[in-house]
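If you read the sequence shown in the numbering used here, its first letter stands for residue 163, the second for the next number, and so on.
For every residue, glycine included, the Cβ atom is placed at its ideal position computed from N, Cα and C.
Just so we're clear, the structure is a prediction, and the values are computed from it rather than from any experiment.
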Amino acid sequence: MRRIKETASATGPAPIERSRGSGASLAAGSSVHASLANEIGMRIVRGDYPPGTILPNEAKWSETFDVSRSAVREAIKMLMAKSLLSSRPKVGSWVEPRERWNLLDRDVLGWYAMAPDREGFLRTVQEFRHIIEPDATALAAERRSEEEMAEISKACREMGEATSLAARTHADTRFHLAILRASGNELLVPLGVLIESALNNLFVVVTRETADVRHAQKLHEAIERNVRLKRPEAARAAVRRLLANTDKVIGRGSL
C-alpha cells in the first residue's frame, strides 16, 4: 500500500466577504451572513461565549467584521434556527444552554468537530457508530442493490489507493455513508448525511494516529466482502472488529 501523506487543508471558516452598502448583490449578501454565522457559531461552540452570555449588539458585530447590520441580523437568525441563540427586543441575543443546541445540524456538528475540546465529541461519534453501524451493515448485506454495492466497493478501493490523508478520509466517509444507504432504512440515510462532517473529522484523527494503515484497510475490505457476498452476521462481526480497532487508536492517540 502506498504511504499516506498528510496534506495541508483549510479547516477554518470561510473568510467573511466585505459588502458594505446597499449595492451588494443577493448572492454576495448570502455569502456574508452565512460566513458571519459560521464565525459566531464557531466561537459559541468552542466556548468563547458560554451559555447565558449576552452577545454583542448588531452595531458591534457590524463594526467588528465590517459587514452590514442586515447581514448581522440574518446571521443571528441562522444561529437561532440552530437553537444556539435566543433573542428578545431590548435585551439582545444570548447563548442557549448546550442541551438545547441542535446537534444534528450539519453546521453545528462541523463546529464541534473543529473545536479545541473536540475529544469528548469525537468519542461520542464513535459511540454512535457502535450503536448504529453493526446492524446497519447487516441490513446492507441483506438488502443492497448492485448499484449500491458498486459504490461501497469503489469507496473501499479508493481508500486503498489513496496517497494523501484527505483522499483516504474522504473515501472512508463515503464508504460508511454508502453502507447506511444500502441498509434500506430511510431514517439512517439523512442521519448519516447529517453526521458526515463529524465522521470525516473522526477519520482524519484516526488515520493520522493509525500505525498500520494496511491493517485498517484489510478491516474495511472484510466489511466490503461480506456485504458483497450477502453475509449479514459476518458483516456485522467485521464492523465490530473495525470499531474495536478504532477504539484502540483513539485510546492511545491524542485527539
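- The beta carbon of A221 lies closer than 8 Å to those of R231 in the same chain, with the five residues before and after it left out.
- Under the three-state reduction of DSSP output, W223 falls in the helix class.
- The Cβ neighbour count for D269, taken over all protein chains shown within 10 Å, is at least 16; the residue is labelled buried.
- Non-local C-beta neighbours of S345 in its own chain, meaning closer than 6 Å and more than five positions away in sequence, comprise A298, L301 and A302, ordered along the chain.
- Separation of V234 and P352 (C-alpha to C-alpha, rounded to the nearest whole angstrom) is 30 Å.
- Proximity of the segment 258-267 to the segment 306-324 falls short of the contact definition, fewer than three beta-carbon pairs being nearer than 8 Å.
- Close CB contacts of A396 within its chain, under the 7 Å cut and outside five residues either way in sequence, are with N388 (chain order).
- In this structure, DSSP gives G209 a state outside helix and strand, which the three-state scheme calls coil.
- Annotated three-state conformation of I357 is coil, per DSSP.
- For W256, the uninterrupted beta strand (DSSP E) segment begins and ends at G254 to V257.
- In this structure, DSSP gives L266 a state outside helix and strand, which the three-state scheme calls coil.
- Assignment of alpha helix (DSSP H) within the segment 358-408, counting only whole runs of 4 or more residues, yields 358-371 and 375-390 in chain order.
- As computed with DSSP, R250 is found in a beta bridge with G254.
- Straight across, the Cα-Cα distance linking V253 with C318 is about 53 Å.
- Each residue's CA atom was taken as its position, placing I206 and H195 some 16 Å apart.
- Rounded to the nearest whole angstrom, the C-alpha separation of F337 and E236 is 36 Å.
- Collapsing the DSSP output to three states places S326 in a strand.
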